[in-house]
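*Asks:* In this note's numbering, the protein residues as written are 1 to 458.
Here you go, one structure.
Now the structure itself:
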């Protein structure tokens, strides 16, 4: 590794202190670079945050866990010395369900389980089994729904693909671009043409493999990064725009006494619509492809019940719900069954998700209506017909970017325009994957790109 002194006189401004901004700031600071990390919210971490409610319930505002093979998270955790706090899931990850035809069904983990499952009709099973005889075909811009119907059949789209999209993107399979959102599927077809022969790989992505978290929640990661960057943070400060000074250095205008900060480089890690507004002064044409990336809203509803009040206690990880079931819930995680200390031992904490691309208006419902909708949903899916002892809602208005048809072209256009702006960089979940592990991995790649640029300006 280069000596930190090589970058000692360099300064980088990072806008946005979500997991991407925090990761980039942390690794740049380790290289001896002066950092200003601007965050308009009084708290950092974006949606990777854990909160203690009523001194008894640990709720996750974003991801509940990560897979133990998430290399980027594990490496960062080790560097931050929080890897001893990683805890394994207490539930059997194989007990992961689809709510279909009014009941819960195990997500299949093999070809045999997929074609013998009750969630498919006889014709659907025959159509799915016939996939191995289909030839590969490469479509430049195809929706996930089109891909699934072409390869697996409409029944499989409804039963397996729809909840797969729900779990990953809270998206609409008719809109998501398969090559952007699920490139591994397009790659399977390109290489051998037989998607079903890789059903184990496919279902392992829909199922949850070796889920782990931190003892006090996923927010442990962002809280530890905040500790490392405390002196670099400018919290409660809004960036108003990015421009260049007379010497062509990138500058950021902030809402504190009309102050302007200049630097060798500026990195924008905000959601794409915010990034577009910040960058319009640098390049008015960049706003069109950036603003064309939609984000969907999510309402996360946390409920806790006394175990003694339930007719039966759920098992496993949780379940997802195809849109065809007519439920407003997208899926549910049995949070306290996964990890200890999420709620009192005499209770169960359940986290349910609503909204997304197909039901964006849900987030605007009054709290009482959301409570009623959640009660009906849990009664229909789990048979829970008692009042919760704990109820809380977290609303996210712009949380998950949608890799819809044309996404790859939009990202390529954005990257091309950014590349023509020396010292300006974009990072975040709008490209390269939306999982916490993906975002950390792509953020590390962005760090190397920034360092390469700074070396040229020494």
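We treat Cβ as the ideally placed atom computed from N, Cα and C, and that holds for glycine.
On a predicted model such as this, the values are computed, not experimentally measured, just so you know.
1. Spatial neighbours of residue 174 within its chain, please: CB distance less than 7 Å, with the 5 preceding and 5 following residues excluded, ordered by chain position.
2. If the criterion is Cβ atoms closer than 7 Å, does the pair residue 319 and residue 104 meet it?
3. Output the distance between the C-alpha atoms of residue 10 and residue 249, rounded to the nearest integer angstrom.
4. For residue 80, which of 39, 222, 383 and 168 has the nearest alpha-carbon?
5. As an exercise, report each continuous beta strand (DSSP E) stretch of at least 3 residues that is fully enclosed by the stretch 274–326, in chain order.
6. I'd like to confirm the pairing. Which residues does DSSP put opposite residue 99 in its beta bridges?
7. Would you tell me roughly how many angstroms separate the C-alpha atoms of residue 215 and residue 77, rounded to the nearest one?
8. Quick check on residue 213: does DSSP put it in helix, strand or coil?
9. What do you reckon, are the CB atoms on residue 338 and residue 91 nearer than 7 Å?
10. Going by C-alpha distance, which of 358, 359, 395 and 271 is nearest residue 427?
11. Do residue 336 and residue 317 count as a contact pair if the criterion is CB distance below 7 Å?
12. Do residue 88 and residue 212 count as a contact pair if the criterion is CB distance below 7 Å?
13. Do residue 353 and residue 383 have their C-beta atoms closer together than 7 Å?
14. Report yes if the C-beta distance between residue 355 and residue 298 is below 7 Å; otherwise report no.
15. Mapping the DSSP letters down to three states, classify residue 386 as helix, strand or coil.
16. Across the stretch 27–34 and the stretch 447–455, are there enough close Cβ pairs to call them in contact, namely three or more that are closer than 8 Å?
17. Nearest-angstrom Cα distance between residue 155 and residue 162?
18. Give the secondary structure of residue 40 by DSSP, where H, G and I count as helix, E and B as strand, and everything else as coil.
19. Can the beta-carbon of residue 294 be found less than 7 Å from the beta-carbon of residue 402?
20. How many Å lie between residue 114 and residue 209 at the Cα?
21. Rounded to a whole number of angstroms, what is the C-alpha to C-alpha distance between residue 385 and residue 374?
22. DSSP on residue 268, reduced to helix/strand/coil?
23. For a minimum of 3 consecutive residues, which ranges assigned as the beta strand (DSSP E) are wholly contained in the stretch 358–444?
24. What's the gap between the Cα of residue 363 and the Cα of residue 413?
25. Residue 116: buried (16+ other C-beta within 10 angstroms of its C-beta) or exposed?
26. Within 10 angstroms of its Cβ, does residue 520 collect 16 or more other Cβ (buried), or is it exposed?
27. Look up residue 186 in the DSSP assignment and say whether it is helix, strand or coil.
28. Under the three-state reduction of DSSP, which class applies to residue 244: helix, strand or coil?
*Replies:* Straight from the coordinates:
1. 143 and 145
2. yes
3. 12 Å
4. 222
5. 295–306 and 318–320
6. 104
7. 13 Å
8. strand
9. yes
10. 271
11. no
12. yes
13. no
14. yes
15. coil
16. yes
17. 10 Å
18. coil
19. yes
20. 18 Å
21. 11 Å
22. strand
23. 390–401 and 424–426
24. 32 Å
25. exposed
26. Given a span of 1 to 458 for the chain in the structure shown, any question on residue 520 remains unanswerable.
27. helix
28. strand
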